[in-house]
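Reviewing the structure listed below.
In our numbering, the protein residues as written are 2 to 445.
What follows is the structure, given as structure tokens:
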């Protein structure tokens with residue numbers, strides 16, 4: 002460590018002189034740090050803009066099929082008897098539904114057993130269910146009714162055993178987890194529980210059918226339909242019909258587009274789009290009052306994002322040129338003077354009521370709006386996209402600046418050490434001269 006004792010002999014503030022000379026030598030480093038800070042800020046802002054564009058991509062991707070774009074709603078005139086849920090790919094329509102019977106699960110129950118403390122005969126229990134796979138478990142000597150139920154529940158998939166007691170007598174009940182039976186089965190095939198005893202002592206479990214497996218049955222516009230389940234997914238494309246109760250007459254089921262839900266989905270895309278436009282505008286403008294420039298003011302690459310987004314979202318789609326809905330504006334999504342999008346709910350609702358299919362094509366055709374928007378954003382966000390390359394270039398530049406600064410810092414430290422050495426030598430020489438002068442004065 003160098004000890005600096007400035008100006009003792011010369012009377013000069015050599016420490017201050019050294020600091021000023023070093024400050025002059027550091028000027029290039031300060032300039033490089035300023036440049037580095039500016040580029041680091043640009044990298045940070047570019048990352049935010051890239052994230053905003055990726056948010057648009059995510060919103061667009063979430064709508065790129067008819068099922069994802071549309072929301073359908075259903076109404077039933079007999080919700081106590083049946084309800085329905087519709088996916089986006091369901092077609093609008095009205096149907097007459099008559100529920101004649103509900104699907105039921107097979108259930109078997111034993112004869113009453115008065116003495117449950119008495120063990121069940123040992124042996125094997127063989128079980129076959131609607132799926133057809135054979136399962137089994139063993140009854141050990143000494144197992145009681147509750148033990149049989151516990152083993153059944155632990156080792157058999159697809160059915161449940163329960164012990165019930167009416168106050169004096171106990172019963173074991175076996176119930177299939179699934180309703181109905183397959184077309185290649187009879188109701189009895191849906192639950193088969195067979196006791197093969199090997200032990201000679203104990204209770205035997207004699208089973209009888211309490212409830213036969215039953216498939217649901219209903220008519221849809223007069224056509225008879227059956228289902229193993231009460232949740233029916235195959236009768237109407239995109240619609241899950243849940244049967245709850247038999248009806249005495251035909252009831253109405255209506256499936257239609259839900260404009261409010263569709264608007265909510267489109268609004269997520271519009272909001273992401275507007276957020277990106279606002280961010281690009283903010284980061285590329287100059288405040289005319291203060292003349293303060295944003296980090297990316299004048300940046301042609303970033304300014305081009307607004308043009309790319311505008312080009313993707315405005316204008317007509319070639320494949321929809323001869324339809325009522327060739328553009329976003331035609332369905333109520335317009336661009337304002339700032340470049341942002343807005344939704345006219347009334348116009349969108351009218352368009353959805355007129356032709357949902359046409360709107361789906363407008364958005365998802367090969368040359369559709371969503372594809373154009375994703376192409377525009379990916380040209381900036383992909384691994385070889387413009388923003389990605391711009392950020393990489395700036396990152397490489399910052400690394401180069403850091404290397405240059407490190408080199409200059411070494412040079413400045415060397416320069417400073419030389420100054421300290423030179424001024425220290427000067428002070429030492431002056432001190433000797435002064436000592437000699439004082440000695441001569443003492444001799445005279």
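All C-beta atoms, glycine included, are put in the ideal place defined by N, C-alpha and C.
Identity of the residue in the options nearest residue i by Cα
| i | options | result |
| --- | --- | --- |
| residue 40 | 395, 352 and 28 | 395 |
| residue 224 | 202, 101 and 365 | 101 |
| residue 184 | 28, 45 and 132 | 132 |
| residue 83 | 191, 244, 161 and 208 | 244 |
| residue 217 | 205, 180 and 202 | 180 |
| residue 21 | 439, 431 and 420 | 420 |
| residue 399 | 23, 19 and 37 | 37 |
| residue 120 | 202, 54 and 129 | 202 |
| residue 210 | 189, 404 and 411 | 189 |
| residue 323 | 362, 354, 311 and 315 | 362 |
Limits of the beta strand (DSSP E) - the one that residue i falls within
| i | result |
| --- | --- |
| residue 195 | 192 to 198 |
| residue 265 | No beta strand (DSSP E) holds residue 265; the alpha helix (DSSP H) holding it covers 260 to 284. |
| residue 76 | 73 to 77 |
| residue 105 | Counting along the chain, residue 105 falls outside any beta strand (DSSP E), and DSSP gives it neither H nor E. |
| residue 87 | 83 to 87 |
| residue 336 | 334 to 336 |
Within 8 Å, strictly: CB atoms of residue i and residue j
| i | j | result |
| --- | --- | --- |
| residue 198 | residue 122 | yes |
| residue 308 | residue 104 | no |
| residue 252 | residue 77 | yes |
| residue 357 | residue 182 | no |
| residue 220 | residue 79 | no |
| residue 58 | residue 378 | yes |
| residue 301 | residue 326 | no |
| residue 93 | residue 256 | yes |
| residue 33 | residue 406 | yes |
| residue 73 | residue 258 | yes |
| residue 51 | residue 382 | yes |
| residue 337 | residue 346 | no |
| residue 177 | residue 150 | no |
| residue 281 | residue 303 | yes |
| residue 472 | residue 29 | One cannot answer for residue 472 here, as it falls past the ends of the chain, which runs 2 to 445. |
| residue 157 | residue 136 | yes |
| residue 254 | residue 99 | no |
| residue 64 | residue 392 | no |
| residue 226 | residue 126 | no |
Span separating the alpha-carbon of residue i from that of residue j
| i | j | result |
| --- | --- | --- |
| residue 200 | residue 142 | 7 Å |
| residue 418 | residue 433 | 23 Å |
| residue 14 | residue 35 | 30 Å |
| residue 278 | residue 416 | 50 Å |
| residue 334 | residue 213 | 57 Å |
| residue 173 | residue 196 | 13 Å |
| residue 124 | residue 138 | 9 Å |
| residue 274 | residue 370 | 13 Å |
| residue 424 | residue 435 | 16 Å |
| residue 262 | residue 43 | 39 Å |
| residue 89 | residue 239 | 7 Å |
| residue 318 | residue 329 | 9 Å |
| residue 66 | residue 265 | 16 Å |
| residue 441 | residue 428 | 20 Å |
| residue 192 | residue 204 | 22 Å |
| residue 62 | residue 372 | 9 Å |
| residue 106 | residue 162 | 13 Å |
| residue 117 | residue 168 | 12 Å |
| residue 348 | residue 397 | 50 Å |
| residue 17 | residue 414 | 16 Å |
| residue 250 | residue 112 | 39 Å |
| residue 129 | residue 208 | 15 Å |
| residue 331 | residue 313 | 15 Å |
Endpoints, alpha helix (DSSP H) assigned at residue i
| i | result |
| --- | --- |
| residue 364 | 357 to 365 |
| residue 32 | 15 to 62 |
| residue 344 | That residue, residue 344, is in no alpha helix (DSSP H); its beta strand (DSSP E) goes 342 to 344. |
| residue 371 | 370 to 382 |
| residue 67 | 67 to 70 |
Cβ of residue i within 8 Å of any chain C Cβ
| i | result |
| --- | --- |
| residue 279 | The structure shown has no chain C; it contains just one protein chain. |
| query | Which full runs of the beta strand (DSSP E) of 3+ residues lie inside the segment 111 to 192, going along the chain? | reply | Segments of the beta strand (DSSP E) lying fully in the segment 111 to 192: 124 to 130, 135 to 140, 160 to 166 and 171 to 180.
| alpha helix (DSSP H) runs wholly inside the segment 294 to 331, at least 4 long, in chain order | Entirely contained in the segment 294 to 331, the alpha helix (DSSP H) runs reaching 4 residues are, in chain order, 301 to 314.
| Length at least 3, wholly inside the segment 195 to 257: the beta strand (DSSP E) runs in chain order | Fully enclosed beta strand (DSSP E) runs of 3 or longer: 208 to 212, 217 to 221, 224 to 228, 232 to 237 and 240 to 244.
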